[in-house]
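Trainee:
There are 2 protein chains.
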Amino acid sequence: MSKKLPTRSEDFSLWYNELVKNAGLADNSGVRGCMVIKPYGFAIWELMKEQLDKMFKETGHQNAYFPIFVPKSLFEAEEKNAEGFAKECAVVTHYRLKTDPEDKSKLIVDPEAKLEEELIVRPTSEAIIWNTYKGWIQSYRDLPLLINQWANVVRWEMRTRLFLRTSEFLWQEGHTAHATKQEAIVEAKQMHDVYAHFAENWMAMPVIKGFKSDSERFAGADDTFTIEALMQDGKALQAGTSHFLGQNFAKAFDVEFQTAEGGKEHVWATSWGVSTRLIGGLIMTHSDDEGLVLPPKLAPYQVVIIPFLNKKKEEQNELLISKSNEIKAELEKFGIRVQIDTDVTKRPGFKFAEYELKGYPVRMVVGPRDLENNQVEIARRDTKEKSLQNIDGIGASINELLNTIQNNLFNKAKSYRDTHTTEVSTFEEFKSVLDTKGGFISAHWDGTEATEEQIKDLTKATIRCIPLDAENEEGTCVFSGKPSQKRVLFAKAY
Amino acid sequence: MSKKLPTRSEDFSLWYNELVKNAGLADNSGVRGCMVIKPYGFAIWELMKEQLDKMFKETGHQNAYFPIFVPKSLFEAEEKNAEGFAKECAVVTHYRLKTDPEDKSKLIVDPEAKLEEELIVRPTSEAIIWNTYKGWIQSYRDLPLLINQWANVVRWEMRTRLFLRTSEFLWQEGHTAHATKQEAIVEAKQMHDVYAHFAENWMAMPVIKGFKSDSERFAGADDTFTIEALMQDGKALQAGTSHFLGQNFAKAFDVEFQTAEGGKEHVWATSWGVSTRLIGGLIMTHSDDEGLVLPPKLAPYQVVIIPFLNKKKEEQNELLISKSNEIKAELEKFGIRVQIDTDVTKRPGFKFAEYELKGYPVRMVVGPRDLENNQVEIARRDTKEKSLQNIDGIGASINELLNTIQNNLFNKAKSYRDTHTTEVSTFEEFKSVLDTKGGFISAHWDGTEATEEQIKDLTKATIRCIPLDAENEEGTCVFSGKPSQKRVLFAKAY
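For the protein sequence lines, the chains are H and V, in the order given.
For the first sequence, the working numbering assigns the number 1 to the initial residue and increments by one for each residue that follows.
For the second sequence, the working numbering assigns the number 1001 to the initial residue and increments by one for each residue that follows.
#1: Tell me the DSSP secondary structure of Asn1390 of chain V in three-state form.
#2: If I'm right that Asn1472 of chain V touches Gln1485 of chain V with Cβ under 8 Å, what's the distance once you round it to whole angstroms?
#3: I need the DSSP call for Leu1005 of chain V, collapsed to helix, strand or coil.
#4: Quick one: Cα of Gln406 of chain H to Cα of Gln1062 of chain V, how far?
#5: Counting contacts by CB-CB distance shorter than 9 Å, is Thr1275 of chain V in contact with chain H?
#6: For Val366 of chain H and Met1191 of chain V, I'd like the C-alpha separation in whole angstroms.
#7: My output table needs one value for Arg277 of chain H: the three-state DSSP class, helix, strand or coil.
#8: Going along chain V in order, which residues have a C-beta closer than 8 Å to the C-beta of Arg161 of chain H?
#9: Identify the continuous alpha helix (DSSP H) that holds Phe352 of chain H and give its terminal residues.
#10: Does the separation of the CB atoms of Leu25 of chain H and Ala204 of chain H fall below 9 Å?
#11: Starting from the C-beta of Leu1162 of chain V, find all residues in its chain whose C-beta is less than 6 Å away, skip the five residues before and the five after it, and write them out in chain order.
#12: Can you tell me whether DSSP reads Trp1268 of chain V as helix, strand or coil?
#13: Just the Cα atoms here: how many angstroms apart are Lys1181 of chain V and Trp1268 of chain V?
#14: Report the CB separation of Arg96 of chain H from Cys1089 of chain V in whole angstroms; it is logged as a contact under 8 Å.
#15: So the beta strand (DSSP E) Thr1345 of chain V belongs to, where does it begin and stop?
#16: Kindly list the residues whose CB is nearer than 6 Å to the CB of Gly246 of chain H, restricted to its own chain and excluding five residues on each side of it in sequence; keep chain order.
#17: What separation, rounded to the nearest whole angstrom, lies between the Cα atoms of Asp370 of chain H and Ser387 of chain H?
#18: In three-state DSSP terms, what is Ala199 of chain H?
#19: Go through the segment 1122-1204 of chain V residue by residue and report every complete run of the beta strand (DSSP E) that reaches 3 residues or more, in order.
#20: In the DSSP assignment, what are the bridge partners of His1243 of chain V?
#21: Within the same chain, show all residues whose beta-carbon is closer than 6 Å to that of Arg122 of chain H, passing over the 5 residues directly before and after it, in chain order.
#22: Can you find a C-beta in chain V that's less than 9 Å from the C-beta of Pro144 of chain H?
#23: Determine whether the Cβ of Tyr1360 of chain V lies closer than 9 Å to any Cβ atom of chain H.
#24: Closer than 8 Å, Cβ to any Cβ of chain V: which residues of the segment 62-82 of chain H, in chain order?
#25: If contacts are defined as beta-carbon pairs under 8 Å, then Val1362 of chain V and Val1303 of chain V qualify, I think. What distance do you get, rounded to the angstrom?
#26: Kindly indicate the opening and closing residues of the beta strand (DSSP E) around Ser105 of chain H.
#27: Is there a Cβ from chain H that is less than 9 Å from the Cβ of Thr1241 of chain V?
#28: Rounded to whole angstroms, what is the Cα-Cα separation between Lys114 of chain H and Gly1135 of chain V?
#29: What did DSSP end up calling Ile1068 of chain V once you bin it into helix, strand or coil?
#30: Taking its Cβ as the centre, do 16 or more other Cβ atoms sit within 10 Å of Gln1389 of chain V, making it buried, or is it exposed?
#31: With a cut-off of 8 Å on the beta carbons, I'd call Ser1125 of chain V and Gln1149 of chain V a contact; round off their distance for me.
#32: Comparing C-alpha positions only, which one of V:Asp1469, V:Ile1279, V:Asp1457 sits nearest to Ile1037 of chain V?
#33: Taking only beta-carbon positions, decide if Gly135 of chain H is within less than 9 Å of chain V.
#34: With H, G and I counted as helix, E and B as strand and the rest as coil, what does DSSP make of Leu1052 of chain V?
#35: Establish whether the CB of Glu452 of chain H and some CB of chain V are separated by less than 9 Å.
#36: Would DSSP call Val1365 of chain V helix, strand or coil?
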């Protein structure tokens, strides 16, 4: 069970993979490139979903569900979008199997059940949704249409990594329709803000808000807003994107509406999404060589209570368990998620390692001696500090401790991010920072795709975003020497 | 919007279809056999999910997520299961599209991207899950494994109907593993009880609990428990099933565990599921010729407040709206879901019809004259009764009314079901009841598949279940005249 993890400095990628498996978050499956999300990992996703869903509803969105299949003719309607996803599409061509005439225990695809038109397993749902919106939108009175969907999508991947890049993943995709360009842009920015707020305040993961360069933009969008986080190995993670789609899909699917003035116009659109990839970001932002570190707001259990049991002292055990249950009830009054471990077959040291691996924010040991002093022993997962805590008022004090841990994790990650964001003026510096400390590199760029491409070829670093708060600053492109008015952020990325 | 519905007696099937569309629950999509679940329909599903998920967790289950694809070799491992679903499988054969060389604006399937092994889009997940459990279960200490998944599944259908039979649908599927046969049977029965409890206490839909005959059993199960409901057209609906799978999947996937005594045994299994089909059952149980009737516990909004606005009386409108908001806040204290309609462009009569169509359990009109008497006008959707209600204590009184409506809907449906359950002794009677009043027919059956088959061929009625509470009663089979010890329930079914 508690096999020792490789350390982050030894092999970050191996550390990540072993951690995901050993902590019971996810596993590879019998299907190439697809993962199984195990109960503990899924419990984190449920907490994320619950909070995001609340935020979507508070901003006026409703959930709906659209088909998983997209007929090829619809898929190809918006050309840029189709081109962007064509190379990673799972395609359904048949709708029936039959017994293999050569081996009755086997099945083969029935050649007579070939579909007239192939179906694409959705890599994203703009096509099927805009084909549906065509029937829903006639007049300005039908707008705005503010819809979100929680779903699975498939993008065929050759090189996969649990949570970060899998052929199937879970996500949410918002798809909104508006009467004006301005309103659609406001919506795209609003959801960008929602994502940033969630990342920072729930995941304790600081993010840079910015927009994508032309070449990194979503296929079919006029503008892509992104939140970019920095992982502990100095690589960036695109954690969520919100797209202003202009009238591209409305034109491709012929979605027009009657304006209040009686004219006809194409509808303006946005789409936005985050996925189970966030769990990968959560892990790589906070965890350490002992295992997972979870921010309290997204920890399936925030506190584990371990009564210090002794096989030979049944009466004492009863007392310790009963006291533990009392404390649990007290914590639950404060909305704290608590687990009690009363397994007498495992030694405390084994249990401690196990809960450390699983990232429970607070461990509480209820022992006979401390109990005499009306105290329990508390250990914080983030700092590994231990302390004694009076049982009186323990609900309020643990609640406060959880807030402290949440804030500490954010501050720690932010301080890492800030010290790993480096302004450079020359391409030599650029390469040297990238090779040594990594992180975000803030550099002037001449705005051309050619330069972006060459930098990528030479260093593997890409433009993660043009930060929204980038100040105007006269400078020269770090690569071409041409004039530039703004710094952008480069990094190697997941 | 409020197009008049066909009546149930005219054409039940057309009534159902128009109701589903007009009330904004679901719609056909651009993909043959797949539906779009619209926001209002999805809100009902969310309420169902929330409650079921709570009940699953209270009985010790955890959620997880398994891949949507099943490699053909895994799919065919459990032969009966594979055979049962082979004819309705969507099959992925390729993983890439490419530009059509003959028309650059089109895409074609890239013949070079053919999968070595075809992937089945899951029609159910036993195969992929048991292949995974193989890696999770070594010892009796790993048991029981109590897992549920919320997911989409695909079963290719030639004749589809919104919610009731669609090629893709949403569902949950529980998959549990146990050390003993007895424990697995207890689990299957427990979840059967959970489904019956949900159907009766949340959906207000009475159900018969029973088990399936050999021919109606789930492919790969040793026993299938079912809940069967009766729709207003006298046809039965299978609303949920829970299967005792014996060791069939453990043997097919070679899942053995070390027993406490040190031996090796195959694991015992259950699986159980309900789907978006429940929404179809909900509609056909309660709704009427004016539209949807929703039991309060599953109504997205339980009360609509309509202030009686007059375009010319702005000051009065303000007062009415402010009072409506006060009442809304008061109702929300009781956990009641409330919507206020302050649209001045639509006449009250139009609004009334609209909320009737959408099945809001209670309509409350806040008018200037009633307000002088500290009253509002209440209309119940289920009985269409109107009454005046004092505003003092309105939270408690509406809360009670919602309970009354919930119970009334159940009692009404139960009384319909009871009067449409007929004991027959001869096959003439059997056919005559089926042709005239329909419903459940309680009849003696000789227990053979041959008789079951012949009755089905002659009448289209099938054995819905052998009721768990069927009493031992000496009799003769309604068809063959052979001896029988129990009555079973026949009906035409969805």
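Every residue, glycine too, gets a C-beta built ideally from N, C-alpha and C.
Mentor: On the basis of the data shown:
#1: Asn1390 of chain V sits in a strand when the DSSP states are folded into three classes.
#2: The Cβ separation is near 6 Å, so the contact holds.
#3: Leu1005 of chain V falls in the coil class under three-state DSSP.
#4: If I take the Cα positions, the gap works out to 26 Å.
#5: What sits at residue 1275 of chain V in the sequence shown is Ser, not Thr. It does not; no Cβ of chain H falls within 9 Å.
#6: Going from the Cα of Val366 of chain H to the Cα of Met1191 of chain V covers about 36 Å.
#7: Looking at Arg277 of chain H - three-state DSSP - the assignment turns out to be helix.
#8: Ordered by position in chain V, no residue passes the 8 Å Cβ test against Arg161 of chain H, which lies about 16 Å from the chain.
#9: 348-358 is the span of the alpha helix (DSSP H), which, as asked, contains Phe352 of chain H.
#10: Contact flag unset, no.
#11: Here Leu1162 of chain V has Val1020, Ala1026, Met1035 as same chain residues with Cβ atoms under 6 Å from its own Cβ, once five neighbours each way along the sequence are excluded.
#12: Strand.
#13: Whole-angstrom Cα-Cα distance: 6 Å.
#14: That pair is a contact at about 6 Å.
#15: The continuous stretches of beta strand (DSSP E) do not include Thr1345 of chain V, and DSSP gives it neither H nor E.
#16: Around Gly246 of chain H: Asp222.
#17: Distance between the alpha carbons of Asp370 of chain H and Ser387 of chain H: 11 Å.
#18: For Ala199 of chain H, the secondary structure class from DSSP, reduced to helix, strand or coil, is helix.
#19: Counting whole runs of 3 or more residues, the segment 1122-1204 of chain V contains the beta strand (DSSP E) stretches 1145-1154, 1168-1178.
#20: In the DSSP assignment, the residues bridged to His1243 of chain V are V:Thr1224, V:Ser1271.
#21: Taking Arg122 of chain H as the centre and dropping the five residues before and after it, the same chain places the C-beta of Ile68, Val70, Val153 closer than 6 Å to its C-beta, in chain order.
#22: It does not: the Cβ of Pro144 of chain H has no partner Cβ on chain V nearer than 9 Å.
#23: No, no contact with chain H.
#24: Taking 8 Å as the Cβ-Cβ cut-off, the segment 62-82 of chain H approaches chain V at Gln62, Asn63, Ala64, Tyr65, Phe66, Pro67, Ile68, Phe69, Val70, Pro71, Lys72, Leu74, Phe75, Glu76, Glu79, Ala82, given in chain order.
#25: Cβ atoms of Val1362 of chain V and Val1303 of chain V come within 8 Å of each other, at about 5 Å.
#26: 103-109 is the extent of the beta strand (DSSP E) around Ser105 of chain H.
#27: So no, Thr1241 of chain V is outside the interface.
#28: Counting only the Cα atoms, Gly1135 of chain V lies some 35 Å from Lys114 of chain H.
#29: In the structure shown, Ile1068 of chain V adopts coil according to DSSP, grouped into three states.
#30: Of the residues assessed, Gln1389 of chain V falls on the buried side of the cut-off, its CB having 16 or more other CB atoms within 10 angstroms.
#31: Taking 8 Å as the upper bound for CB-CB distance, Ser1125 of chain V and Gln1149 of chain V are in contact here, some 7 Å apart.
#32: Minimum Cα distance to Ile1037 of chain V is reached at V:Ile1279.
#33: Yes, Gly135 of chain H counts as interfacial toward chain V.
#34: DSSP places Leu1052 of chain V in helix when its eight states are reduced to three.
#35: Interface annotation, Glu452 of chain H: not in contact with chain V, CB-CB separation never under 9 Å.
#36: It is a strand residue.
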